[in-house]
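Structure record follows, encoded as structure tokens.
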Amino acid sequence: MSAPEILSTGSCVPTQVVTNEMLAQRVDTSDEWVFSRTGIHSRRHCSGGENGVAMAAQAARQALERAGVKPEEVGVCLVATFTPDFASPSTACLLQRELGLLEDTICFDLNAACAGFVYALHTAHSLLSGASRPYALVLGCEVISRVLDMDDRSTCVLFGDGAGAVLVRRREDACWHTVFGSRGDDMSIRVQGPGPEKAAVHMEGQAVFRFAVEVAEKSVRQLLEQEGIGIGDLDWIVCHQANARITEFLAKRLRADASLFYQNIDHCGNTSAASIPLALDELQRAGGLRKGMRVLLVGFGGGLTWAGALLRW
Ligand code: UT7
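The letter at position 65 of the sequence shown is residue 65 when you use my numbering, and the numbering goes up by one with no holes.
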């Protein structure tokens, strides 16, 4: 029996705010269409010298400072991302350099698209049992603007950039529950890899929408059953922020109050692996998270892949 204990959070978003109105100057769209279909008003996109490693470093520094933990006490550093600055070195290794993490720190990136943060949290927790030091930095960090076709209105309005971090310690006297799943035969979200074709996100929106509601509902029900509790016993559900309507559907299907679901998609857009830790950091800073609260995380997206976790704050 053991569980990851999240000791602190941190986040960083780029300075440039991109509103729906700004996008409507380039493609045939409107604030009304985007907001009513997704709940998004604006998102942040990297500009100038901003990049993933710099955002990740700022988010990680905040998490370390808030917990009063020094970089040399970190044994594991994982970054969930599908848009790293470099295919190699990994963002985690570049973060090691930025933060001054010790040489025997386990550092690597992990790609499970929008479910990546929960995969990284689970992996970090497992790795901590054999690590040299007790703390893990777990991040979601994306610069999705670098793989967007800004002339494709069906995708360019959806995504934002950002990084979120948590600092985790392994607790042996607690337990948590997780669920994972993949459907590798379904390529309804694709991002072209390196090659002659221009990098761009392709998504069959309605199929992905149905998938998201289905697996998120299934994950929440499985996690509640594993813990032996009802939906009313949860303090928060923090879903991957893909579309406010997905969350509304989910709340209806679970017969849960919409206020149980934390949402920040209106000003962040879909930041893939960064969305859950970004939301956790906002929630923490707003004073919404207290020790002992039951928090359920659920991510879903490209792969297709999904992951859920039920933990105590
Ligand atoms: O993060 C990974 C997980 N991702 C998700 O979970 C996303 C799931 N899917 C969705 O959130 C929604 O399907 C979208 C927001 C992506 C799209 O919303 P939709 O209600 O499913 O719209 P649609 O794709 O069915 O398109 C409806 C119409 C189309 O026009 P026609 O063919 O009916 O004439 C589109 O061309 O809306 C048009 N359209 C737009 N119109 C104005 C598509 N994008 C836009 C746009 N502005 N930005």
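Here a beta-carbon is modelled for each residue, glycine too, at the ideal position from N, C-alpha and C. Quick caveat: nothing in here was measured; it's all calculated off a predicted structure.
Closest to SER303 by C-alpha separation, out of CYS46, ALA113, THR38, would be which residue?
As a first step, residue 303 must be located in the sequence shown, where it is residue number 303. A small correction: the amino acid at residue 303 is Gly; Ser does not occupy that position in the sequence shown. Comparing Cα positions, the closest option is ALA113.
Apply the 10 Å Cβ neighbour rule to THR15 and answer buried if 16 or more other Cβ atoms are within range, or exposed otherwise.
Working through the sequence shown from its first residue, we reach residue 15 at position 15. The residue in question, THR15, is exposed, as its Cβ has fewer than 16 Cβ neighbours within 10 Å.
Could you check whether GLY160 and ARG245 sit closer than 8 Å to each other, using their CB atoms as the reference points?
By one-based count along the sequence shown, residue 245 stands at place 245. By one-based count along the sequence shown, residue 160 stands at place 160. Not closer than 8 Å, so no.
When you compare each of ALA80, ALA131, ALA92, ALA199 to ASP151 by their alpha carbons, which one comes out closest?
Here residue 151 refers to the residue found at position 151 of the sequence shown. Out of ALA80, ALA131, ALA92, ALA199, ALA199 has the C-alpha closest to the C-alpha of ASP151.
Thinking C-alpha only, which one of CYS175, GLY140, ILE144, ILE231 is nearest ASP281?
If you number the sequence shown from 1, residue 281 lands on position 281. Among CYS175, GLY140, ILE144, ILE231, the Cα nearest to that of ASP281 is on GLY140.
Say yes only if the C-beta of VAL208 is nearer than 7 Å to one or more non-hydrogen atoms of the ligand UT7, and no if none qualify.
Walking along the sequence shown from the start, residue 208 turns up at place 208. Yes, the beta carbon of VAL208 sits closer than 7 Å to at least one heavy atom of the ligand UT7.
Report the residue from GLY100, LEU95, LEU102 whose alpha carbon sits nearest the alpha carbon of PHE108.
The residue given as residue 108 occupies position 108 in the sequence shown. Nearest option by C-alpha distance: LEU95.
When you compare each of GLU248, GLY228, PHE209, GLN192 to PHE82 by their alpha carbons, which one comes out closest?
On the sequence shown, position 82 is the one that residue 82 refers to. For PHE82, the nearest C-alpha among the options comes from GLN192.
Beta carbon of MET293: closer than 7 Å to some heavy atom of the ligand UT7?
Position 293 of the sequence shown holds residue 293. No, the beta carbon of MET293 sits no closer than 7 Å to any heavy atom of the ligand UT7.
Count the CB pairs spanning the stretch 237-244 and the stretch 285-302 that are closer than 8 Å, and state whether there are at least three.
Touching, yes, given that three or more Cβ pairs across the two stretches are closer than 8 Å.
With HIS125 as the anchor, note down where its alpha helix (DSSP H) starts and where it stops.
Against the sequence shown, residue 125 aligns to sequence position 125. Here the alpha helix (DSSP H) through HIS125 covers 116-128.
Thinking ALA63 and CYS12 are a contact (beta carbons under 8 Å), I'd like their distance in whole angstroms, please.
For this step, residue 63 is matched to residue 63 along the sequence shown. For this step, residue 12 is matched to residue 12 along the sequence shown. Actually they are not in contact, since the Cβ atoms of ALA63 and CYS12 sit about 11 Å apart, beyond 8 Å.
Could you name the residues of the same chain whose beta carbon sits closer than 7 Å to that of ARG133, not counting the 5 residues immediately before and after it, in chain order?
Residue mapping note: residue 133 aligns to position 133 of the sequence shown, counting from 1. Same-chain partners within the cutoff: GLU73, VAL74, GLY75.
By alpha-carbon positions, which one of SER272, ALA274, ARG294 ends up nearest to PHE261?
On the sequence shown, position 261 is the one that residue 261 refers to. Cα-wise, what sits closest to PHE261 is ARG294.
Compare the beta carbon distance of SER2 and ARG170 with 8 Å and say whether it is the shorter of the two.
As a first step, residue 2 must be located in the sequence shown, where it is residue number 2. As a first step, residue 170 must be located in the sequence shown, where it is residue number 170. Cβ distance < 8 Å, so SER2 and ARG170 count as in contact.
In this structure, how does DSSP classify SER42 when only helix, strand and coil are distinguished?
Position 42 of the sequence shown holds residue 42. Residue state, collapsed to three classes: strand.
Relative to the C-alpha of ILE40, which residue among GLY52, VAL17, GLY230 is closest?
As a first step, residue 40 must be located in the sequence shown, where it is residue number 40. The option with the nearest alpha carbon to ILE40 is VAL17.
Is THR83 close to the ligand UT7? I mean its beta-carbon at under 7 Å from any heavy atom of the ligand.
Position 83 of the sequence shown holds residue 83. For the ligand UT7, not one heavy atom lies less than 7 Å from the Cβ of THR83.
In chain order, what are the residue ranges of uninterrupted beta strand (DSSP E) at least 3 long that sit wholly in the stretch 213-268?
Taking only runs of at least 3 residues, the beta strand (DSSP E) segments lying wholly in the stretch 213-268 are 236-239.
In whole angstroms, what separates the C-alpha of ALA87 from that of CYS93?
Residue 87 sits at position 87 when you count from the first residue of the sequence shown. Residue 93 sits at position 93 when you count from the first residue of the sequence shown. So the two alpha carbons sit approximately 11 Å from each other.
Should ASN314 and ASP85 be called a contact, given that it needs their Cβ atoms to be closer than 8 Å?
Look at the range of the chain in this structure, 1 to 313, and you will see that residue 314 is not part of it.
Grouping DSSP H, G and I as helix and E and B as strand, with all else coil, what is PRO89?
Taking the first residue of the sequence shown as 1, we reach residue 89 at position 89. If DSSP states are grouped into helix, strand and coil, PRO89 belongs with coil.
Tell me which same chain residues have a C-beta within less than 6 Å of the C-beta of VAL118, skipping the five on either side of it?
By 1-based counting over the sequence shown, the position of residue 118 is 118. So the list reads LEU297, GLY299, ALA307, ALA309, once near-sequence residues are dropped.
Apart from the five residues on each side of it in sequence, which residues of its chain come closer than 6 Å, Cβ to Cβ, to LEU283?
As a working note, residue 283 is residue 283 in the sequence shown. Excluding residues within five positions, the ones whose Cβ falls inside 6 Å are TYR262, LEU289.
Is any heavy atom in the ligand UT7 found nearer than 7 Å to the beta carbon of ARG43?
What you label residue 43 is simply residue 43 of the sequence shown in a count that begins at 1. No, since every heavy atom of the ligand UT7 falls outside the 7 Å radius drawn around the Cβ of ARG43.
Between the alpha carbons of SER259 and CYS77, how many angstroms are there, rounded?
In the sequence shown, the residue the question calls residue 259 occupies position 259. In the sequence shown, the residue the question calls residue 77 occupies position 77. Distance between the alpha carbons of SER259 and CYS77: 33 Å.
With C-beta atoms as the reference, is ARG61 less than 8 Å away from LEU99?
In the sequence shown, counting from the first residue as 1, residue 61 sits at position 61. In the sequence shown, counting from the first residue as 1, residue 99 sits at position 99. Contact: yes.
Please work out which residues of its chain come closer than 8 Å, Cβ to Cβ, to GLY292, disregarding the five sequence neighbours upstream and downstream, and give them in chain order.
The residue labelled residue 292 in the question sits at position 292 within the sequence shown. Once the five neighbours on either side are set aside, the close Cβ partners of GLY292 are ARG312, TRP313.
Just to confirm, are TYR135 and LEU167 a CB contact at a threshold of 8 Å?
Walking along the sequence shown from the start, residue 135 turns up at place 135. Walking along the sequence shown from the start, residue 167 turns up at place 167. Yes, these two residues count as a Cβ contact at 8 Å.
So, using beta-carbon positions, are GLY162 and LEU278 closer together than 8 Å?
Here residue 162 is taken as the residue at index 162 of the sequence shown, counted from 1. Here residue 278 is taken as the residue at index 278 of the sequence shown, counted from 1. Yes, the Cβ-Cβ distance between GLY162 and LEU278 is below 8 Å.
Please identify the residue among VAL79, PRO4, GLY228, ARG66 whose C-alpha is closest to the C-alpha of ALA56.
Within the sequence shown, numbered from 1, the residue matching residue 56 stands at position 56. Ranking VAL79, PRO4, GLY228, ARG66 by Cα distance to ALA56 puts VAL79 first.
Should GLU103 be labelled buried (16 or more other beta-carbon atoms within 10 Å of its own) or exposed?
In the sequence shown, the residue the question calls residue 103 occupies position 103. It is exposed - the Cβ of GLU103 has fewer than 16 other Cβ atoms within 10 Å.
Whose CA, out of ASP233, GLY232, PHE209, ALA286, lies closest to the CA of GLU248?
Looking up residue 248 in the sequence shown gives position 248. Among ASP233, GLY232, PHE209, ALA286, the Cα nearest to that of GLU248 belongs to PHE209.
Sorry if obvious, but does the Cβ on ARG26 come closer than 7 Å to a heavy atom of the ligand UT7?
For the purposes of this step, residue 26 is taken as the residue at position 26 of the sequence shown. No, the beta carbon of ARG26 sits no closer than 7 Å to any heavy atom of the ligand UT7.
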